[in-house]
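The structure appears below as structure tokens.
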Ligand code: SF4
């Protein structure tokens, strides 16, 4: 059964020291700490750790991490359906920071069979879960079997329905296996969108040009649209679907019945 943060004694072995520590005490130590402190702890604690970069404002994680360590591993999901602006942006970030960004792509055979049977826009008819499962979740799952921990740009203010309870550090119950425990750090969780943008401006961090066109939350091109002033950012994602619990499966543990 998947482990949760509420497990009283949760021991994790890092590949760095092969020592164990308690996830709850780490969470207590990091609670309400600033993003840099959380990120620093994550990078100290794990050698085999990677930052998930979505091609949007979570670039601040890369900027901060590179000021802590010059050995930072970054990956991004290339679903094949991103905006041209996002592809240009990923390349811009790669060059700006002189880093490798590993692009995770869907399984070719599975994707071919899916497109052959359902076409390129089936999500408008029967929901985004299957397409997200093939283009995002499975490639991520593959990647996460190779690391001991990952770092996400999740923030509480991105969703009142699914992201209010995320902690600074947690066992990733969605991607841990029967014989391995995966740890997830969420350094930006308590920052608002305004704080992220203050950082981007203050540190001259490159940003996705879609933000200048009214986009806030940026995902795949067919499933993302600009929002009006004062509309919540999540309104621009999978807008044809009813319900407020809009997650693509990358943070499935956030979803509760
Ligand atoms: S966001 Fe849309 S295009 Fe992208 S993987 Fe999900 S359903 Fe497919």
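In the working numbering, the protein residues as written are 48 to 304.
Heads up, the beta-carbon is just placed ideally off N, CA and C, and yes, glycines get one too.
Original post:
Apart from the five residues on each side of it in sequence, which residues of its chain come closer than 6 Å, Cβ to Cβ, to residue 135?
Top reply: Numbered from 1 along the chain shown, position 88 holds the residue referred to as residue 135. Within the same chain, residue 135 has no close Cβ partners at all.
Subject >> Whole-angstrom distance between residue 119 and residue 244, CA atom to CA atom >> reply: The residue labelled residue 244 in the question sits at position 197 within the chain shown. The residue labelled residue 119 in the question sits at position 72 within the chain shown. Distance between the alpha carbons of residue 244 and residue 119: 22 Å.
Original post:
According to the neighbour-count rule (16 or more other Cβ atoms, all chains shown, within 10 Å of its Cβ), is residue 200 buried or exposed?
Top reply: Within the chain shown, the letter at position 153 stands for residue 200. Buried, since its Cβ has 16 or more Cβ neighbours within 10 Å.
Original post:
Counting pairs of Cβ atoms below 8 Å between the region 182-194 and the region 121-133, do you hit three or more?
Top reply: Yes: the two stretches touch, three or more of their Cβ pairs being nearer than 8 Å.
**OP:** State the beta-bridge partners of residue 231 as determined by DSSP.
**Re:** Stepping through the chain shown from its first residue, residue 231 is reached at position 184. Beta bridge pairing from DSSP links residue 231 with 197 and 217.
Subject >> For residue 170, the first and last residue of its enclosing alpha helix (DSSP H) >> reply: As a working mapping, residue 170 is identified with position 123 in the chain shown. Residue 170 -> alpha helix (DSSP H) spans 170-173.
Original post:
Nearest-angstrom Cα distance between residue 206 and residue 131?
Top reply: If you number the chain shown from 1, residue 206 lands on position 159. If you number the chain shown from 1, residue 131 lands on position 84. The straight-line gap from Cα to Cα measures roughly 26 Å.
Original post:
In three-state terms, what does DSSP make of residue 104?
Top reply: Locating residue 104 in the chain shown gives position 57, where the first residue counts as 1. Here DSSP, grouped into helix, strand and coil, assigns residue 104 to coil.
Original post:
From residue 152 to residue 158, what distance separates their C-alpha atoms?
Top reply: For the purposes of this step, residue 152 is identified with residue 105 of the chain shown, where counting begins at 1. For the purposes of this step, residue 158 is identified with residue 111 of the chain shown, where counting begins at 1. Near 10 Å, if we compare the C-alpha coordinates of residue 158 and residue 152.
Original post:
Listed by chain order, which residues have C-beta atoms less than 6 Å from any heavy atom of the ligand SF4?
Top reply: 126, 128, 170, 175, 178, 179, 182, 183, 266, 267, 269, 270 and 295
Original post:
Among all the DSSP beta bridges, which residues are the ones paired with residue 274?
Top reply: On the chain shown, position 227 is the one that residue 274 refers to. None, per the DSSP bridge assignment.
Subject >> Per-residue burial, residue 62 [other beta carbons within 10 Å of its own, 16 or more giving buried] >> reply: Reading the chain shown from its first residue, position 15 is the one you call residue 62. For residue 62, the predicted structure reports a pLDDT of 40, less than 50, and the residue's modelled location is therefore unreliable. A value from the coordinates is still provided. Residue 62 comes out exposed.
Original post:
By the 10 Å Cβ neighbour count, where 16 or more other Cβ atoms means buried, how is residue 261 classified, buried or exposed?
Top reply: If you number the chain shown from 1, residue 261 lands on position 214. That one is exposed.
Subject >> Residue environment, residue 289, which counts as buried when at least 16 other CB atoms sit within 10 Å >> reply: Looking up residue 289 in the chain shown gives position 242. The residue in question, residue 289, is exposed, as its Cβ has fewer than 16 Cβ neighbours within 10 Å.
Original post:
Considering only residues of the region 104-155, which uninterrupted alpha helix (DSSP H) runs meet the minimum length of 4 residues and lie entirely inside it, listed in chain order?
Top reply: 106-115 and 131-144
Subject >> Supposed close pair residue 236, residue 203 - CB separation, criterion 8 Å >> reply: Counting from one through the chain shown, the residue named residue 236 turns up at place 189. Counting from one through the chain shown, the residue named residue 203 turns up at place 156. Sure, about 5 Å apart at Cβ, within 8 Å.
Original post:
When you compare each of 150, 70, 183 and 80 to residue 267 by their alpha carbons, which one comes out closest?
Top reply: Counted from its first residue, the chain shown places residue 267 at position 220. Nearest C-alpha to residue 267: 183.
**OP:** Give me the Cα-Cα distance between residue 197 and residue 299, rounded to the nearest whole angstrom.
**Re:** Sequence index remark: in the chain shown, residue 197 carries index 150 (1-based). Sequence index remark: in the chain shown, residue 299 carries index 252 (1-based). The straight-line gap from Cα to Cα measures roughly 15 Å.
Subject >> Neighbourhood of residue 211 by C-beta, 6 Å cutoff - its chain only, sequence neighbours within 5 removed >> reply: One-based indexing of the chain shown puts residue 211 at position 164. Around residue 211: 203.
Original post:
In chain order, what residues of the same chain have a beta carbon less than 7 Å from the beta carbon of residue 238, not counting five sequence neighbours either side?
Top reply: Counted from its first residue, the chain shown places residue 238 at position 191. Here the set comprises 82 and 202.
**OP:** Say whether chain D places a C-beta atom closer than 9 Å to the C-beta of residue 217.
**Re:** Reference to chain D is not applicable here, since this structure consists of a single protein chain.
Original post:
Within 10 angstroms of its Cβ, does residue 117 collect 16 or more other Cβ (buried), or is it exposed?
Top reply: As a first step, residue 117 is located in the chain shown; it is residue number 70 there, counting from the start. With fewer than 16 Cβ atoms within 10 Å of its Cβ, residue 117 is classed as exposed.
Original post:
Applying the criterion that 16 or more other CB atoms from any shown protein chain within 10 Å of the CB defines a buried residue, is residue 168 buried or exposed?
Top reply: Looking up residue 168 in the chain shown gives position 121. It is exposed - the Cβ of residue 168 has fewer than 16 other Cβ atoms within 10 Å.
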